[in-house]
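Peer 1: Got a structure for you, written out below as C-alpha coordinates; questions coming shortly.
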Amino acid sequence: MEIRCASNPKDVKHYTTDRLREEFHISKLFTKDNIRMVYSHIDRIITAGLMPIYHELRLEGGKELASDYFLERREMGCINIGGKGIIVVDGTEYEMNPRDGIYIGKGNKEIVFKCVEPENPPKFYVSSCPAHKEYPTVKIDITKAKKVPCGSAADCNKRVINQYIHPEVMQSCQLAMGLTQLEEGSNWNTMPSHTHDRRMEVYLYLDMGENDAVFHMMGEPNETRHIIMHNEEAVISPSWSIHSGVGTRNYSFIWAMCGENQEFTDMDGIETRDLR
47 MEIRCASNPK DVKHYTTDRL REEFHISKLF TKDNIRMVYS HIDRIITAGL MPIYHELRLE
107 GGKELASDYF LERREMGCIN IGGKGIIVVD GTEYEMNPRD GIYIGKGNKE IVFKCVEPEN
167 PPKFYVSSCP AHKEYPTVKI DITKAKKVPC GSAADCNKRV INQYIHPEVM QSCQLAMGLT
227 QLEEGSNWNT MPSHTHDRRM EVYLYLDMGE NDAVFHMMGE PNETRHIIMH NEEAVISPSW
287 SIHSGVGTRN YSFIWAMCGE NQEFTDMDGI ETRDLR
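Just remember that the working numbering sits 46 ahead of the position in the sequence shown, which is counted from 1.
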(Lines of atoms letter the chains of each structure in order from A and count residues from 1; the text may use other names and numbers.)
(Lines give C-alpha, C1' and ligand atoms only; values in the text may rest on other atoms or scores of the structure.)
Protein backbone atom coordinates (compact mmCIF):
# COMPACT_ATOMS: atom_id res chain seq x y z
CA MET A 1 0.00 0.00 0.00
CA GLU A 2 1.36 3.40 -1.00
CA ILE A 3 0.80 6.22 1.50
CA ARG A 4 0.21 9.81 0.34
CA CYS A 5 0.17 12.76 2.76
CA ALA A 6 -2.20 15.71 2.56
CA SER A 7 -0.93 18.84 0.75
CA ASN A 8 -1.28 22.51 1.64
CA PRO A 9 -2.54 24.71 -1.23
CA LYS A 10 0.11 27.30 -0.37
CA ASP A 11 2.76 24.70 -1.12
CA VAL A 12 1.08 23.18 -4.18
CA LYS A 13 1.29 26.45 -6.12
CA HIS A 14 5.10 25.95 -6.15
CA TYR A 15 5.08 22.31 -7.29
CA THR A 16 6.77 21.22 -10.50
CA THR A 17 5.01 18.91 -12.95
CA ASP A 18 6.79 15.89 -11.45
CA ARG A 19 5.87 16.89 -7.90
CA LEU A 20 2.21 17.43 -8.84
CA ARG A 21 2.09 13.95 -10.32
CA GLU A 22 3.91 12.45 -7.35
CA GLU A 23 1.33 13.85 -4.93
CA PHE A 24 -1.96 13.53 -6.87
CA HIS A 25 -1.57 11.25 -9.91
CA ILE A 26 -2.13 7.47 -9.67
CA SER A 27 -0.92 5.25 -12.52
CA LYS A 28 -0.66 1.51 -13.28
CA LEU A 29 -3.79 0.64 -11.36
CA PHE A 30 -4.50 -2.58 -13.25
CA THR A 31 -1.73 -5.16 -13.61
CA LYS A 32 -1.93 -8.92 -13.88
CA ASP A 33 -2.96 -10.69 -10.64
CA ASN A 34 -2.07 -7.66 -8.56
CA ILE A 35 -3.61 -5.16 -6.13
CA ARG A 36 -2.45 -1.56 -6.54
CA MET A 37 -3.52 0.50 -3.55
CA VAL A 38 -3.00 4.16 -2.59
CA TYR A 39 -3.96 5.46 0.86
CA SER A 40 -4.40 9.23 0.99
CA HIS A 41 -4.43 11.18 4.24
CA ILE A 42 -7.00 13.45 2.54
CA ASP A 43 -10.13 12.14 4.28
CA ARG A 44 -8.25 8.78 4.48
CA ILE A 45 -9.64 7.54 1.18
CA ILE A 46 -8.15 4.41 -0.38
CA THR A 47 -8.04 4.07 -4.16
CA ALA A 48 -7.32 0.60 -5.51
CA GLY A 49 -7.23 -1.36 -8.73
CA LEU A 50 -7.47 -5.16 -8.85
CA MET A 51 -7.12 -7.36 -11.93
CA PRO A 52 -7.38 -11.05 -11.08
CA ILE A 53 -6.61 -13.39 -13.96
CA TYR A 54 -5.22 -16.71 -12.75
CA HIS A 55 -5.32 -16.04 -9.01
CA GLU A 56 -7.94 -14.82 -6.57
CA LEU A 57 -7.20 -11.47 -4.94
CA ARG A 58 -8.20 -10.55 -1.38
CA LEU A 59 -8.56 -7.26 0.43
CA GLU A 60 -7.05 -7.63 3.87
CA GLY A 61 -6.25 -5.57 6.93
CA GLY A 62 -2.75 -4.87 8.13
CA LYS A 63 -0.35 -2.46 9.74
CA GLU A 64 -1.33 0.55 7.60
CA LEU A 65 -4.98 0.24 8.69
CA ALA A 66 -4.23 -1.15 12.16
CA SER A 67 -7.10 -3.56 11.57
CA ASP A 68 -7.65 -7.31 11.50
CA TYR A 69 -9.58 -7.07 8.22
CA PHE A 70 -10.01 -4.44 5.52
CA LEU A 71 -13.55 -3.29 6.33
CA GLU A 72 -13.24 -3.40 10.12
CA ARG A 73 -13.74 0.38 10.25
CA ARG A 74 -14.37 1.12 6.57
CA GLU A 75 -16.90 0.89 3.75
CA MET A 76 -16.14 0.50 0.05
CA GLY A 77 -17.54 0.81 -3.43
CA CYS A 78 -16.39 -1.00 -6.56
CA ILE A 79 -17.13 -0.60 -10.26
CA ASN A 80 -15.92 -3.22 -12.75
CA ILE A 81 -14.47 -1.57 -15.87
CA GLY A 82 -13.15 -4.80 -17.43
CA GLY A 83 -14.59 -8.18 -18.38
CA LYS A 84 -16.89 -10.34 -16.29
CA GLY A 85 -15.74 -11.13 -12.76
CA ILE A 86 -16.98 -12.25 -9.36
CA ILE A 87 -16.73 -10.63 -5.94
CA VAL A 88 -17.24 -12.82 -2.87
CA VAL A 89 -18.42 -11.02 0.27
CA ASP A 90 -18.38 -13.23 3.37
CA GLY A 91 -19.27 -16.28 1.29
CA THR A 92 -21.89 -14.66 -0.97
CA GLU A 93 -20.93 -14.41 -4.66
CA TYR A 94 -21.85 -11.40 -6.78
CA GLU A 95 -21.46 -11.59 -10.55
CA MET A 96 -19.87 -8.39 -11.79
CA ASN A 97 -20.46 -7.70 -15.47
CA PRO A 98 -18.81 -4.74 -17.22
CA ARG A 99 -19.90 -1.45 -15.56
CA ASP A 100 -21.57 -3.25 -12.65
CA GLY A 101 -21.07 -1.63 -9.26
CA ILE A 102 -21.33 -2.81 -5.67
CA TYR A 103 -21.39 -1.26 -2.22
CA ILE A 104 -19.91 -3.29 0.64
CA GLY A 105 -20.48 -1.99 4.14
CA LYS A 106 -18.44 -1.88 7.32
CA GLY A 107 -17.98 -5.20 9.13
CA ASN A 108 -17.70 -7.58 6.18
CA LYS A 109 -14.57 -9.66 6.74
CA GLU A 110 -13.86 -11.65 3.56
CA ILE A 111 -13.64 -9.74 0.25
CA VAL A 112 -12.40 -11.88 -2.66
CA PHE A 113 -12.08 -10.94 -6.33
CA LYS A 114 -12.18 -13.57 -9.09
CA CYS A 115 -11.84 -13.73 -12.87
CA VAL A 116 -14.31 -15.60 -15.12
CA GLU A 117 -12.57 -15.41 -18.52
CA PRO A 118 -8.76 -15.00 -18.35
CA GLU A 119 -8.68 -13.75 -21.93
CA ASN A 120 -10.96 -10.87 -20.89
CA PRO A 121 -10.22 -10.22 -17.20
CA PRO A 122 -12.20 -7.94 -14.92
CA LYS A 123 -10.76 -4.66 -13.70
CA PHE A 124 -12.16 -3.85 -10.29
CA TYR A 125 -11.85 -0.19 -9.35
CA VAL A 126 -12.28 0.31 -5.60
CA SER A 127 -12.84 3.38 -3.42
CA SER A 128 -12.93 3.00 0.36
CA CYS A 129 -13.26 5.44 3.23
CA PRO A 130 -13.78 5.29 7.02
CA ALA A 131 -17.27 4.43 8.26
CA HIS A 132 -18.94 4.61 11.65
CA LYS A 133 -22.13 2.71 10.78
CA GLU A 134 -22.92 -0.57 9.06
CA TYR A 135 -25.07 -0.70 5.93
CA PRO A 136 -25.96 -3.81 3.86
CA THR A 137 -24.16 -4.87 0.71
CA VAL A 138 -25.95 -3.67 -2.44
CA LYS A 139 -25.23 -4.71 -6.04
CA ILE A 140 -25.88 -1.80 -8.44
CA ASP A 141 -25.59 -2.47 -12.15
CA ILE A 142 -25.55 0.51 -14.48
CA THR A 143 -29.26 0.14 -15.30
CA LYS A 144 -30.10 0.66 -11.59
CA ALA A 145 -27.94 3.75 -11.23
CA LYS A 146 -29.77 7.08 -11.17
CA LYS A 147 -29.15 8.84 -14.47
CA VAL A 148 -28.74 12.62 -14.44
CA PRO A 149 -28.32 14.25 -17.89
CA CYS A 150 -26.13 17.37 -17.81
CA GLY A 151 -24.60 19.94 -20.11
CA SER A 152 -25.16 20.60 -23.80
CA ALA A 153 -23.55 19.93 -27.15
CA ALA A 154 -23.13 23.69 -27.64
CA ASP A 155 -20.97 23.85 -24.50
CA CYS A 156 -19.05 20.66 -25.44
CA ASN A 157 -20.06 19.01 -22.15
CA LYS A 158 -23.18 16.94 -22.85
CA ARG A 159 -22.96 14.01 -20.47
CA VAL A 160 -24.87 11.57 -18.27
CA ILE A 161 -24.01 11.14 -14.59
CA ASN A 162 -24.73 7.59 -13.40
CA GLN A 163 -25.08 7.74 -9.61
CA TYR A 164 -24.30 4.31 -8.12
CA ILE A 165 -23.59 4.98 -4.43
CA HIS A 166 -25.78 7.97 -3.69
CA PRO A 167 -28.49 8.79 -1.10
CA GLU A 168 -31.20 8.64 -3.80
CA VAL A 169 -30.11 5.14 -4.84
CA MET A 170 -29.00 3.44 -1.61
CA GLN A 171 -27.58 4.17 1.83
CA SER A 172 -23.91 4.42 2.73
CA CYS A 173 -22.09 6.04 5.61
CA GLN A 174 -20.12 8.75 3.81
CA LEU A 175 -18.98 7.30 0.46
CA ALA A 176 -20.51 8.49 -2.83
CA MET A 177 -19.52 7.00 -6.18
CA GLY A 178 -20.63 7.07 -9.79
CA LEU A 179 -19.74 7.02 -13.48
CA THR A 180 -20.03 9.99 -15.83
CA GLN A 181 -20.12 9.38 -19.59
CA LEU A 182 -19.53 12.16 -22.11
CA GLU A 183 -21.30 12.01 -25.45
CA GLU A 184 -19.38 12.04 -28.72
CA GLY A 185 -18.39 15.59 -29.58
CA SER A 186 -18.21 16.65 -25.93
CA ASN A 187 -14.92 16.84 -24.04
CA TRP A 188 -15.37 19.08 -20.98
CA ASN A 189 -16.33 17.73 -17.56
CA THR A 190 -17.43 19.64 -14.47
CA MET A 191 -17.38 23.02 -16.17
CA PRO A 192 -18.19 25.60 -14.86
CA SER A 193 -15.91 24.33 -12.13
CA HIS A 194 -16.48 24.25 -8.39
CA THR A 195 -14.97 23.27 -5.08
CA HIS A 196 -16.60 21.57 -2.08
CA ASP A 197 -14.75 22.21 1.15
CA ARG A 198 -16.65 19.47 2.94
CA ARG A 199 -15.73 16.63 0.55
CA MET A 200 -12.68 15.47 -1.34
CA GLU A 201 -12.87 13.56 -4.62
CA VAL A 202 -10.96 11.09 -6.77
CA TYR A 203 -11.42 10.74 -10.54
CA LEU A 204 -10.56 7.68 -12.65
CA TYR A 205 -10.48 8.51 -16.36
CA LEU A 206 -11.37 5.71 -18.77
CA ASP A 207 -12.76 4.83 -22.23
CA MET A 208 -9.82 6.63 -23.83
CA GLY A 209 -7.71 5.58 -26.81
CA GLU A 210 -3.99 4.92 -26.58
CA ASN A 211 -3.12 8.38 -27.90
CA ASP A 212 -5.91 10.28 -26.10
CA ALA A 213 -5.45 12.47 -23.06
CA VAL A 214 -7.45 14.52 -20.58
CA PHE A 215 -6.01 17.76 -19.26
CA HIS A 216 -7.22 17.57 -15.65
CA MET A 217 -7.49 21.03 -14.10
CA MET A 218 -6.76 21.32 -10.38
CA GLY A 219 -5.60 23.84 -7.79
CA GLU A 220 -7.20 26.87 -6.18
CA PRO A 221 -9.42 28.85 -8.58
CA ASN A 222 -6.88 31.68 -8.76
CA GLU A 223 -3.86 29.32 -8.92
CA THR A 224 -4.85 26.58 -11.36
CA ARG A 225 -2.57 23.78 -12.49
CA HIS A 226 -3.07 20.80 -14.77
CA ILE A 227 -2.12 17.14 -14.83
CA ILE A 228 -2.23 15.20 -18.10
CA MET A 229 -4.18 11.97 -17.66
CA HIS A 230 -4.23 8.87 -19.84
CA ASN A 231 -6.54 5.87 -19.92
CA GLU A 232 -7.36 4.21 -16.59
CA GLU A 233 -5.35 6.66 -14.51
CA ALA A 234 -6.70 8.30 -11.35
CA VAL A 235 -6.16 11.70 -9.75
CA ILE A 236 -6.72 12.85 -6.16
CA SER A 237 -8.59 16.13 -5.69
CA PRO A 238 -8.36 17.85 -2.28
CA SER A 239 -11.45 19.69 -1.05
CA TRP A 240 -9.84 23.09 -1.76
CA SER A 241 -9.13 22.22 -5.40
CA ILE A 242 -11.20 22.54 -8.55
CA HIS A 243 -11.54 19.31 -10.55
CA SER A 244 -12.39 19.92 -14.17
CA GLY A 245 -10.98 18.39 -17.31
CA VAL A 246 -10.93 18.64 -21.07
CA GLY A 247 -10.08 15.73 -23.33
CA THR A 248 -8.77 15.27 -26.83
CA ARG A 249 -12.12 13.51 -27.43
CA ASN A 250 -15.02 12.21 -25.34
CA TYR A 251 -14.31 9.82 -22.46
CA SER A 252 -15.80 8.58 -19.19
CA PHE A 253 -14.72 8.96 -15.58
CA ILE A 254 -15.55 7.39 -12.25
CA TRP A 255 -15.86 9.81 -9.35
CA ALA A 256 -15.69 8.92 -5.68
CA MET A 257 -16.27 11.35 -2.82
CA CYS A 258 -16.04 11.23 0.95
CA GLY A 259 -15.94 13.77 3.75
CA GLU A 260 -18.31 15.79 5.88
CA ASN A 261 -21.56 15.05 4.03
CA GLN A 262 -23.18 13.41 1.02
CA GLU A 263 -25.05 16.42 -0.30
CA PHE A 264 -24.33 16.24 -4.01
CA THR A 265 -25.26 19.90 -4.54
CA ASP A 266 -23.13 21.16 -1.62
CA MET A 267 -20.53 22.96 -3.70
CA ASP A 268 -19.16 26.43 -4.27
CA GLY A 269 -19.50 27.36 -7.93
CA ILE A 270 -16.82 29.37 -9.70
CA GLU A 271 -17.45 31.57 -12.70
CA THR A 272 -15.19 30.59 -15.57
CA ARG A 273 -14.17 34.22 -16.05
CA ASP A 274 -12.75 34.18 -12.50
CA LEU A 275 -10.37 31.26 -13.08
CA ARG A 276 -6.65 31.99 -13.39
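Glycine included, each C-beta is placed from N, C-alpha and C at the ideal position.
1) Checking 8 Å against the spacing of the C-beta atoms, do E121 and C175 come in under that value?
2) Since E156 sits in a beta bridge, which residues does DSSP pair it with?
3) Determine the direct distance from the alpha carbon of R244 to that of L75, and round the result to whole angstroms.
4) Among residues of its own chain, excluding the 5 on either side of P164, which ones have a beta-carbon nearer than 6 Å to its beta-carbon?
5) Quick check on the burial criterion: 16 or more other C-beta atoms within 10 angstroms. Buried or exposed for K193?
6) In whole angstroms, give me the CA-to-CA distance for N257 and Y251.
7) Starting from E69 and walking both ways along the alpha helix (DSSP H), at which residues does that stretch end?
8) Under 8 Å: do the stretch 140-149 and the stretch 216-236 share three or more Cβ pairs, one atom per stretch?
9) Relative to the C-alpha of E247, which residue among R271, S232 and A280 is closest?
10) Excluding the five sequence neighbours on either side, which residues of its own chain have a C-beta within less than 7 Å of the C-beta of S218, listed in chain order?
11) Just the C-alpha distance for G123 and M47, rounded to the nearest angstrom, thanks.
12) Since K346 is in the alpha helix (DSSP H), which residue starts that stretch and which ends it?
13) Taking Q209 as part of the beta strand (DSSP E), name the residues at either end of that continuous run.
14) Mind pulling the beta strand (DSSP E) runs of 3 or more residues that sit fully within the stretch 236-267?
15) Does the Cβ of I274 have 16 or more other Cβ atoms within 10 Å, making it buried, or fewer, making it exposed?
16) Expressed to the nearest angstrom, what Euclidean distance is found between the alpha-carbon atoms of W301 and K160?
17) Can you name, in chain order, every residue of its own chain whose Cβ lies under 6 Å from the Cβ of S198, other than the five neighbours on each side?
18) Thinking C-beta only, is S290 closer than 8 Å to T241?
Peer 2: In brief:
1) Taking the sequence shown and counting its residues from 1, one reaches residue 121 at position 75. Taking the sequence shown and counting its residues from 1, one reaches residue 175 at position 129. Yes, the Cβ-Cβ distance between E121 and C175 is below 8 Å.
2) The residue given as residue 156 occupies position 110 in the sequence shown. Paired residue(s): none; E156 is not in a bridge.
3) Residue numbering aside, residue 75 sits at position 29 when the sequence shown is read from its first letter. Residue numbering aside, residue 244 sits at position 198 when the sequence shown is read from its first letter. Distance between the alpha carbons of L75 and R244 is about 27 Å.
4) For this step, residue 164 is matched to residue 118 along the sequence shown. I99, listed in sequence order.
5) On the sequence shown, residue 193 is found 147 positions in, with the first residue counted as 1. When all chains shown are included, K193 counts as exposed.
6) Your numbering for residue 257 matches position 211 in the sequence shown. Your numbering for residue 251 matches position 205 in the sequence shown. Taking the straight line from one Cα to the other gives about 14 Å.
7) Taking the first residue of the sequence shown as 1, we reach residue 69 at position 23. Here the alpha helix (DSSP H) through E69 covers T63 to F70.
8) By the Cβ rule, the stretch 140-149 counts as touching the stretch 216-236, because three or more pairs are nearer than 8 Å.
9) Along the sequence shown, one-based indexing puts residue 247 at 201. The shortest Cα separation from E247 among R271, S232 and A280 belongs to A280.
10) One-based indexing of the sequence shown puts residue 218 at position 172. Within the same chain, E121, Y149, Y181 and I211 come within 7 Å of S218 by CB-CB distance, once the 5 residues on both sides are set aside.
11) The sequence position of residue 123 within the sequence shown is 77, counting from 1. The sequence position of residue 47 within the sequence shown is 1, counting from 1. Rounded to the nearest angstrom, the two C-alpha atoms are 18 Å apart.
12) For residue 346 there is no data in the structure shown, the boundaries of the chain being 47 and 322.
13) On the sequence shown, residue 209 is found 163 positions in, with the first residue counted as 1. Here the beta strand (DSSP E) through Q209 covers R205 to I211.
14) 245-252 and 260-266
15) Position 228 of the sequence shown, counting from 1, holds the residue named residue 274. Flag for I274 reads exposed.
16) Position 255 of the sequence shown, counted from the first residue, corresponds to residue 301. Position 114 of the sequence shown, counted from the first residue, corresponds to residue 160. In a straight line, the C-alpha of W301 is about 24 Å away from that of K160.
17) Mapped onto the sequence shown, residue 198 falls at position 152. Contacts found: K204.
18) Numbered from its first residue, the sequence shown carries residue 241 at position 195. Numbered from its first residue, the sequence shown carries residue 290 at position 244. In this structure, S290 does not lie closer than 8 Å to T241 by Cβ.
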